[in-house]
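Peer 1:
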Amino acid sequence: MKTGAHAVSADRKALENSRLLAAIIEHSNDAIIAKTLDGTITCWNPAAAKMYGYCEGEMLGASIDLLSPQGRTQEFTSILARIRAGLDVEQFETRRVRKDGTALPVQITVSPIRDEAGAVVGASSITRDLTKETHAFDAARSMIESSMDSLVAISPEGLITDANTATVKVTGIARAQLIGTAFSQCFTEPENADRIYQMVFDQGMAVDYPLTMRHRDGALTEVLYNASVYRDGAGKVLGVFAAARDVTDARQAFESARSMIESSLDSLVAISPGGLITDANAATVRVTGIGRAHLIGTAFSECFTEPAKANAIYQQVFAQGMAVDYPLTMRHRDGTLTEVLYNASVYRDTGGKVLGVFAAARDVTEQNHARAEIASQRVNELDRLAELERFQRLTVGRELKMIELKKENEYLRRFAAGESGDHHGAR
17 MKTGAHAVSA DRKALENSRL LAAIIEHSND AIIAKTLDGT ITCWNPAAAK
67 MYGYCEGEML GASIDLLSPQ GRTQEFTSIL ARIRAGLDVE QFETRRVRKD
117 GTALPVQITV SPIRDEAGAV VGASSITRDL TKETHAFDAA RSMIESSMDS
167 LVAISPEGLI TDANTATVKV TGIARAQLIG TAFSQCFTEP ENADRIYQMV
217 FDQGMAVDYP LTMRHRDGAL TEVLYNASVY RDGAGKVLGV FAAARDVTDA
267 RQAFESARSM IESSLDSLVA ISPGGLITDA NAATVRVTGI GRAHLIGTAF
317 SECFTEPAKA NAIYQQVFAQ GMAVDYPLTM RHRDGTLTEV LYNASVYRDT
367 GGKVLGVFAA ARDVTEQNHA RAEIASQRVN ELDRLAELER FQRLTVGREL
417 KMIELKKENE YLRRFAAGES GDHHGAR
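Residue numbers (the numbering used here): 17 to 443.
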């Protein structure tokens, strides 16, 4: 009685398991196909019909080789031979052919089918369509290949596992030859490249590290190196993905701009929002007597005889965006003073955020001295002119007096002569 109940329960459980298995096969999104050891299909689920375009009636009893592309018809024959021999078959990727003749990329997992005695009587395969994944990969690969930056994937051992066309161009080495070589050997300073690479593993990323890549013909390319680790689904670090951007042109443009800045006779400085000098040119060094390295990080206003005034103008630049021709006096460390006209404007990042102030101070000491001398000469000339006018007035006054005196003398002479005539007549 007890034995019979156990048998009924086992049969019921087996039936439930069979129904569950049938439901899984029926509703699976992956194509599930069973076949005998000679490759004859014995099970074909709806997902297989959707994937390949053949209905169940067309495929039951047909050979599995019907789904293989030309040249791969023996692929499943060799797999079934391994199953028959009791050997494992690892998951693999391959291509299959639909009813309409189009090929599709798939991932296949194969398992043996055993009878009640445990003997292998067939094989079951689960096939996943990788078309979407392949399209996504192809799109990503296309972007990688079209990148102007040198892109490489690097193993934990520091060996290149993949590289794009830009890397081939900058090194002059074909992709197949690059793969498996040490990443650090692409640079003029391998130890520095390796150190940064190790830092990526420790910190997770590296940003804008300057390095120089070397072409096999000796040509050098200055780059900014950026990298980050990449992981599998479980979070395990698989390696490093690195991007090297060619900044040779940018460097040359910077050096050209720097050359113009250094050759300027004006004192040029960059100033942080906190009022500290972040860069200075040779003219600033000359007018202050302080080396560039010592100027950087010091207060800009301390370069002037009136720091408060200099700071007030600097704050005005932040408030109004610029300042034009403000007179100040710069002080050399030996006490020499230089009169300047101060001009400044804010500078911004690409997002429009103000990063600081760029200021130019033009030496107008000689001009001011020249103006002062001209003004002094003008005063002297005016003084001489006034003196001349006084002299002229004095001279004219004397001449007038002389004329008056002459007139008076003439009058007296005539008067005296008239009286003398009167006396002669009386005799």
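Where is the CB? At the ideal position from N, CA and C, for every residue including glycine.
#1: Under 8 Å, do alanine 222 and valine 216 count as touching if we go by C-beta distance?
#2: Indicate the three-state DSSP secondary structure (helix, strand or coil) for valine 303 in the structure shown.
#3: Quick test of your reading: aspartate 341 and leucine 353, contact by CB under 8 Å. State the CB separation rounded to the nearest angstrom.
#4: Do the region 279-289 and the region 360-377 make contact, defined as three or more Cβ pairs closer than 8 Å?
#5: Where in the region 72-140 do unbroken runs of the beta strand (DSSP E), each at least 3 residues long, occur, reported from the N-terminal end onward?
#6: Please list, in chain order, all residues of the same chain as glutamine 268 whose beta carbon is under 6 Å from its beta carbon, the five residues on each side excluded.
#7: Roughly how many angstroms lie between the CA atoms of valine 301 and glutamate 355, to the nearest whole one?
#8: Compute the beta-carbon to beta-carbon distance between asparagine 297 and isoleucine 277, rounded to the nearest angstrom, for a pair I have assumed lies under 8 Å.
#9: Can you say whether lysine 18 is buried or exposed, counting buried as having 16 or more other CB atoms within 10 angstroms of its CB?
#10: Out of curiosity, what's the CA-to-CA distance linking aspartate 379 and aspartate 282?
#11: Mapping the DSSP letters down to three states, classify methionine 164 as helix, strand or coil.
#12: Count the other CB atoms within 10 Å of the CB of isoleucine 189; is the residue buried (16 or more) or exposed (fewer)?
#13: Keeping to the same chain, check which residues put their C-beta closer than 6 Å to that of asparagine 327; ignore five residues upstream and five downstream.
#14: Can you grab the Cα-Cα spacing for the pair leucine 311 / threonine 294, in whole Å?
#15: Output the boundary residues of the beta strand (DSSP E) element that contains tyrosine 213.
#16: Where does phenylalanine 270 land, buried or exposed, given buried means 16+ other C-beta within 10 angstroms?
#17: I'd like to check one pair, threonine 197 with leucine 175: are the Cβ atoms closer than 8 Å?
#18: Consult DSSP for asparagine 242 and reduce its assignment to one of helix, strand or coil.
#19: How long is the line joining the alpha carbons of glycine 134 and isoleucine 40, rounded to whole angstroms?
#20: Thinking C-alpha only, which one of Cys59, Ile142, Ala169 and Asp262 is nearest lysine 185?
#21: Just to confirm my understanding: we take leucine 445, look at its own chain, exclude 5 residues before and 5 after, and list those with CB closer than 7 Å. What are they?
#22: Under 8 Å by Cβ, that's how I've got alanine 47 and serine 166 pegged, so tell me the actual separation to the nearest angstrom.
#23: Take the Cβ of alanine 101 as the centre, count every other Cβ of all protein chains shown within 10 Å, and call the residue buried at 16 or more, exposed below.
Peer 2: Checking against the coordinates, here is how it stands:
#1: yes
#2: helix
#3: Their Cβ separation, rounded to whole angstroms, is 19 Å, which puts aspartate 341 and leucine 353 out of contact at 8 Å.
#4: yes
#5: 108-113 and 119-130
#6: none
#7: 15 Å
#8: 5 Å
#9: With a pLDDT of 46 at lysine 18, under the threshold of 50, the modelled position of this residue cannot be trusted; read the value that follows with caution. Its Cβ having fewer than 16 others within 10 Å, lysine 18 is exposed.
#10: 7 Å
#11: coil
#12: buried
#13: Ser317
#14: 8 Å
#15: No beta strand (DSSP E) contains tyrosine 213, which is instead part of the alpha helix (DSSP H) from 206-219.
#16: exposed
#17: yes
#18: strand
#19: 23 Å
#20: Asp262
#21: This structure does not reach residue 445, given that the chain is present from 17 up to 443, and the question cannot be answered.
#22: Actually they do not touch by this definition, with Cβ atoms about 41 Å apart.
#23: exposed
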